[in-house]
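Start counting the sequence shown at 0; every next residue gets the next number (numbering that gives the first Met the number 0).
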Amino acid sequence: MDRTLIDVRLTRRQVVVCWAAMDSPFSAWSERQIAQGFAWRPGSASFRLHQEDGPHQIQVTRVRGYQLMAADAVRVIEVPFLLPMVSGIEVGGVGDTRMIAWLPGSYLLRATFFDSPRMELTFLADAEPRFAIPIADPAITRLADFDLAAVAA
0 MDRTLIDVRL TRRQVVVCWA AMDSPFSAWS ERQIAQGFAW RPGSASFRLH
50 QEDGPHQIQV TRVRGYQLMA ADAVRVIEVP FLLPMVSGIE VGGVGDTRMI
100 AWLPGSYLLR ATFFDSPRME LTFLADAEPR FAIPIADPAI TRLADFDLAA
150 VAA
């Protein structure tokens, strides 16, 4: 298991996970993407924050096998994430991202939000990549028929 803890200042009510040094990592959100809580395109996954903008603590973990969801999670969103090369990933918000060395591979990326300015990004290496919202709070109003055609901002 690889684990990294980062502190970042998140703005525009979003956090992005993308290929390292991607030219345009942030997406222009559609109304449907706002309702589902994420904007996705190959190489970039953005998630709407559960908390307001500001400092957030993000735990980034890579695991093999299945991992139970946190019992105190208030929102969980899962998306496929393919990292085709050894360049690593970037995690953060507009103007404040952290580069993390990461192993290439196909992952199920699980974004877990809590009732505090912290979140977990878990890369499940052996899980079937899929789009799902296993735990939704009242701000998530679209739980199916996802908009998977995000465009660069």
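A virtual CB, placed ideally from N, CA and C, is assigned to each residue, including glycine.
The model shown is predicted, which means the values in this text are computed figures rather than measured ones.
With DSSP collapsed to three states, give me the class of residue i.
i	result
R11	coil
E89	strand
I33	helix
S26	strand
S179	A question about residue 179 goes unanswered here, because the residues of the chain that appear run from 0 up to 152.
Y106	strand
L67	coil
F113	coil
W101	coil
L81	strand
Rank the options by C-alpha distance to the C-alpha of residue i and give the top, closest one.
i	options	result
A124	D146, D144 and W101	W101
C17	M84, D71 and L67	M84
L107	A38, L82, I99 and G87	L82
S86	G104, A69, I57 and D71	G104
A151	L4, V14 and P24	P24
Q161	R2, A138, A148 and E51	Residue 161 lies beyond the range of the chain shown here (0 to 152); nothing can be said about it.
I167	V14, A20, R97 and H49	Absent from the model: residue 167. The displayed extent of the chain is 0 to 152, so no value can be given.
F130	A70, E119 and A44	A44
A70	A126, T111 and A19	T111
M21	M98, L147 and L142	M98
A19	T96, E51 and Q13	T96
H55	I132, E119 and D144	E119
L4	R117, A126 and D52	R117
M68	D52, I132, L142 and G53	I132
Just to check my reading of the structure: residue i and residue j have Cβ atoms closer than 8 Å, yes? What is that Cβ distance to the nearest angstrom?
i	j	result
S26	R40	7 Å
G42	I76	Between I76 and G42 the Cβ distance is about 17 Å, and since that is not below 8 Å, they are no contact.
T121	Q66	6 Å
V73	D114	5 Å
P79	P128	3 Å
D146	R47	Contact flag wrong, Cβ pair sits at about 13 Å.
A38	A149	4 Å
Report the partner residues of residue i according to the DSSP bridge assignment.
i	result
E127	DSSP, once it has assigned bridges, lists no residue as partnering E127.
At least 3 beta-carbon pairs within less than 8 Å: the region 0 to 14 vs the region 79 to 92: yes
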